[in-house]
């Protein structure tokens, strides 16, 4: 049989019934923070609970992935060693072709958000926007389930039914569904215009953990802000805090998210934008103490001293606009099969250089003042198609707790 | 050198001194439970401690395994990513041929029980019977040690000496030994008759955890029942419960298990049965409270109010009978080297369909009423020799706590 | 492309731009202890806290490693499955050639100590000496950072800048640097003389864990002795012990270590020696209770009843001398690129047999009586170049707590 390497190991059988390959990726980051002194030293007198940011290095991703073909079926098994336990499982599925589309069973990304579906090897910025797992889909980027997706001419369509767990979560009976449709009315060698829409519904049930919109607004390993939450399927999932304990009116709750995508390329230029609107159902009462524990600051609205602060259904809005310019002239190719853009590829031995920027914002309209934004700019240098250096400066802006932490981040990344 | 794939990666050196291959398996399950309402809502008024079953999905196995040849030695390194930490190590050993047999050093299955030794890719039902690690050998399917096994004509013989730990257990000084002998008086292209016997002895010592017979009688992730236990090598291994604490008369204790196997095929028909008898040595006193904590129901025998419930040596009996019929006509091949049956293999592009059933029961004759059984029926559909779909309906029957929980389970499974 | 195996999987592309290989190692140990009865039963009346040694088996290393080439870059990704979580990451880096040397970015061993830099597949004794991660560099054998190393004629030189964390440690802002220079004035087919020197500096900062010199003086899994420590970057990193709690005068602190190497071969004979001197900066006060908690025995010096025992800067000295004789005549080759010795290699089908011994000692001159030594002797039998059996007898001598525990250890080891 035929052996092949582009940095990984690949063997294809002569009869075409089998293939197997082993690949991987290393993303190694360094973070420097410029913390907001006003926020750290004046707003809060007792900052014991407040975790300060730390300048450090960190493996963002350390993955091996094996995939292959077994007659008409295929498999993929991917493990991220930068994460512990079963939480390190990534794409793990079996699949086959059915009705001109791919049927996948296992753990993978439901079809929603172009930013989420773009491979972490191909992202324009170091971290994804708030319209993805980095925000509104926090901890839910991959789920266990069954899905089918297809493409024709200049369209893609996918639909998924899933259990509300990834392999690192506890067993639970929550159920979700997602679907995405994209259309590329223009797609030639020089320019692409991409339009997309997705819908996601997640319904909590027995033992489902709370679904949150949670953002690291000043970059990875920076401060976090909880923007919205919908309680899960456990009666008292947040533990007990004595007299100041959390009170939960109605366990369960569902989350409905609708997303729109607009993106395109023109020669060396690339722009991408998403808007997502989510409804996180609530009907919970928090003591003021608990509210501040969760959200990092006291509520800006009236809380009954006896029943606490009421959080009902929450309307969450997020959008971003991102652009890049390949100074060295390369064009970002469009992946017609998945409706996402790939990163530029230099032609070795030459390299490539790309300038990048993004403005991103998320808001919970049912918690007064809950709005978080950031602006990121930076560049990517491609040593070759598989090794790149990224630099990002992130200017965080947390309106709710009034924090303006900044981050300078560097990544060296290789994939094979 | 020669590269080869049957879904995995394999390279064999031209001089025959070396070979290496990387394979794996994914078993992805979905469970639905029909819980026994009588049991949940009437028997126990305060069911706080009682974990309710959850309908969910679950990765049962996500493994990569590398094996190869180094001149006259061989190695195998297998990791199950559906389990955390060192508890995810499976077959990890070095071996060589000596006296016409295989000498293995490391972590692997001691030779006992045809059901246990059948690969999880080849089992007839989704879970193994109570005569294996799924019951009488709970948590002890693989152990660290040294072993030798051989086969000739229609016989196999194996013997093992091992430390009472698998890599996920704490360091301990317990020692065990096991041996198995099988004979296949009939073994031709159409029919096989297999007879076998095994003996296992496990002697606790310093820091040895308790050895238990523990069963999930209504399928994987369903309710558990502790059937028997032998204390280990720690003085107070069960922690402290205040005045109601566990009292241990004599730490240590040994477990002796004797097993018999009878199995055969005739064309598309297959039947397999095992009987195992075990003595779990005791000499311990439990408070009534502790007894109920462990066994899920109050004792049916007299407990002295001061010294508690006495549990001495326990005689544990388990047997099962399992059968299958390959409707599409395939025959289960016999693995002469290991004395086990393989699953049927369709000839692609055709598939194969198999009906399956098993009755399984386990009993501790020294704890009155401690008898647990189940009946399972289902089918396996083979898309090809490496991908199959399994469905099992499990009718659990826990006589001790009077629970009749049922499960409907689906598995999609691929191996390469 | 070209497929190849020497026990692992390797594919090299025809154009030379790519290569990829997957290898691994299994080290499986058995330990028997002869504990020092005087120490266990007389010195301490209440030995509750004192963990007794346990005869047991243990996987010392279970690793898979993938490495390869991507045009002018290379990568390595190694995971040790005998360790849990991100603590199991070993060499994980991207690298390229620059100025005639190797630039490495990621997690790997900073250049210091010939004993540390010798691969665990090639060590003469089962465990490394106190001048390595097994003592003075405890828990700091690999660090995350950037480094460059080169060699020419008979010299090697390397320099590293690193964050004071390995992937299993928490995020921290500590910074370190290390450099090593070696010279081999003699290096021919029969004899080699190696001289080396290294310097390491580690400066604690925010969240840096304490840096310790910690030794298992009676072999792996035997009793441990803390020899020296420098506090890290957390205010109260040791938790709280009520009134007897630890008090810390000045958090932070740096560690400076200077090492000298002398080693050589002459035909089948090999000798290697290192001397390392370290300054672990302190300025901390411990209660007598805490001192004994940490160091295992009460202080031999005056402690103020109110402020506790003062530990200032600590001068730590360690040296060892190790030798081996290949009875079957093989010669240990010298790795010119890294300035280390490899183990002997038999020419299959013949084996090789080697006698080994080492005397090793470490001392903290600022804690009276803090001196720990051991003497180890044993042999290595090489079945072939990739599989060996090791036996070591370790005679431990802990002067501080007056313990003379002994160990008999066996290892079976394979690599591919």
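Residue numbers (this note's numbering), protein chains in the order written: chain A, 41 to 456; chain G, 41 to 456; chain R, 41 to 456. Glycine included, each C-beta is placed from N, C-alpha and C at the ideal position.
#1: Which whole runs of the beta strand (DSSP E) in the stretch 130-154 of chain G are 3 residues long or more, in chain order?
#2: What do you get for residue 510(G), buried or exposed, if any count of 16 or more other CB atoms within 10 angstroms of its CB means buried?
#3: Verify the CB distance criterion: does residue 315(G) have a CB-CB separation below 9 Å to chain R?
#4: Can you give me the C-alpha to C-alpha distance between residue 168(G) and residue 169(R), rounded to a whole angstrom?
#5: Is it buried or exposed, residue 139(A), if we count other Cβ atoms within 10 angstroms and call 16 or more buried?
#6: With a Cβ-Cβ cutoff of 9 Å, do residue 246(R) and residue 92(A) count as a contact?
#7: Which residues of chain G have a Cβ atom closer than 9 Å to the Cβ of residue 51(A), listed in chain order?
#8: Near residue 298(A), which residues of its chain fall below 6 Å by C-beta distance, leaving aside the five closest residues on each side in sequence?
#9: Could you check if residue 192(A) is buried or exposed, using at least 16 other CB atoms within 10 Å of its CB as the buried criterion?
#10: Distance, Cα to Cα, residue 212(G) vs residue 296(A)?
#11: Quick check on this structure: which residue in 402(A), 439(A) and 408(A) has the alpha carbon closest to the alpha carbon of residue 174(A)?
#12: Would residue 96(R) and residue 380(R) qualify as a contact pair, given that the criterion is a beta-carbon distance under 9 Å?
#13: Candidates 195(R), 179(R), 202(R) and 214(R): which alpha carbon is nearest residue 266(R)'s?
#14: Take residue 143(G) and list the residues in its own chain whose beta-carbon comes closer than 8 Å to its own, dropping the five residues that flank it on each side.
#15: Span of the alpha helix (DSSP H) holding residue 314(G)?
#16: May I ask you to report which of helix, strand or coil DSSP gives residue 332(R)?
#17: Where do the ends of the beta strand (DSSP E) carrying residue 42(A) lie?
#18: For residue 367(R), does the count of other Cβ atoms within 10 angstroms reach 16, so buried, or fall short, so exposed?
#19: So, with DSSP's three-state summary, where would you put residue 437(R)?
#20: Nearest to residue 472(G) by CA position, among 294(G), 202(G), 313(G) and 199(G), is which residue?
#21: Between which two residues does the beta strand (DSSP E) harbouring residue 67(G) extend?
#22: Measure the C-alpha to C-alpha separation of residue 237(G) and residue 372(G) and round it to an integer number of angstroms.
#23: With a threshold of 9 Å between beta-carbons, can residue 102(G) be considered close to chain R, or not?
#24: By the three-class DSSP mapping on this structure, what secondary structure does residue 256(G) have?
#25: Just list the residues that DSSP pairs residue 184(R) with in beta bridges.
#26: Do residue 325(G) and residue 348(G) have their C-beta atoms within less than 9 Å of each other?
#27: From residue 450(A) to residue 72(A), what does the alpha carbon distance come to, in whole angstroms?
#28: Around the Cβ of residue 413(A), are there at least 16 other Cβ atoms within 10 angstroms (buried) or fewer (exposed)?
#29: Could you tell me the distance, in whole angstroms, from the CA atom of residue 172(G) to the CA atom of residue 155(G)?
#30: Measure the C-alpha to C-alpha separation of residue 220(R) and residue 377(R) and round it to an integer number of angstroms.
#31: Please classify residue 202(G) as buried or exposed, where buried requires at least 16 other C-beta atoms within 10 Å of its C-beta.
#32: Bridge partners for residue 451(G) per DSSP, in chain order?
#33: Mind the definition here: the stretch 114-122 of chain G touches the stretch 117-131 of chain A only if three or more C-beta pairs lie below 8 Å; say whether that holds.
#34: What residues from the stretch 116-127 of chain A come within 8 Å of chain R, judged by C-beta to C-beta, listed N to C?
#35: Compare the C-alpha of residue 257(A) against each of 446(A), 452(A) and 336(A) and name the closest.
#36: Give a yes or no on whether the minimum CB-CB distance between residue 87(G) and chain R is below 9 Å.
By the coordinates alone:
#1: 141-148, all fully within the stretch 130-154 of chain G.
#2: The question about residue 510(G) has no answer here: the residues shown for chain G are numbered 41 through 456.
#3: Not one chain R Cβ lies under 9 Å of residue 315(G).
#4: Taking the straight line from one Cα to the other gives about 47 Å.
#5: Sixteen is the threshold: since fewer than 16 other Cβ atoms of the shown chains lie within 10 Å of the Cβ of residue 139(A), the residue is exposed.
#6: With respect to residue 92(A), residue 246(R) sits close: the two C-beta atoms are nearer than 9 Å.
#7: Those within 9 Å of residue 51(A) in chain G are 43, 44, 45, 48, 49, 50 and 51.
#8: Cβ within range, chain order: 239 and 317.
#9: Residue environment for residue 192(A): exposed (fewer than 16 other C-beta atoms within 10 angstroms of its C-beta).
#10: The straight-line gap from Cα to Cα measures roughly 52 Å.
#11: Sorting 402(A), 439(A) and 408(A) by C-alpha distance to the C-alpha of residue 174(A) places 402(A) at the top.
#12: No, the pair does not count as a contact, with Cβ atoms beyond the cut-off.
#13: Nearest C-alpha to residue 266(R): 179(R).
#14: 135, 136, 137, 186, 187 and 188.
#15: Per DSSP, residue 314(G) lies in no alpha helix (DSSP H); the unbroken beta strand (DSSP E) holding it starts and ends at 309-320.
#16: In the three-state reduction of the DSSP assignment, residue 332(R) falls in the helix class, which pools H, G and I.
#17: Its beta strand (DSSP E) spans residues 42-44.
#18: Under this definition residue 367(R) is an exposed residue.
#19: DSSP places residue 437(R) in strand when its eight states are reduced to three.
#20: Chain G is shown from 41 up to 456; residue 472(G) falls before or after that span and cannot be answered.
#21: Residues 58-74.
#22: Distance between the alpha carbons of residue 237(G) and residue 372(G) is about 21 Å.
#23: Not an interface residue.
#24: If DSSP states are grouped into helix, strand and coil, residue 256(G) belongs with the strands.
#25: Under DSSP, the beta-bridge partners assigned to residue 184(R) are 147(R) and 203(R).
#26: Closer than 9 Å, so yes.
#27: So the two alpha carbons sit approximately 9 Å from each other.
#28: Buried is the call here.
#29: Linking residue 172(G) to residue 155(G) through their CA atoms gives a straight-line distance of about 6 Å.
#30: For the pair residue 220(R) and residue 377(R), the Cα-to-Cα distance works out to about 13 Å.
#31: It counts as buried.
#32: Its beta-bridge partners are 69(G) and 430(G).
#33: By the criterion of at least three beta-carbon pairs nearer than 8 Å, the stretch 114-122 of chain G is in contact with the stretch 117-131 of chain A.
#34: Across the stretch 116-127 of chain A, CB contacts with chain R closer than 8 Å involve 121, 122, 123, 124 and 125, in sequence order along the chain.
#35: Nearest C-alpha to residue 257(A): 446(A).
#36: A caution first: residue 87(G) carries a pLDDT of 47, below 50, which makes its placement in the model too unreliable to give a value.
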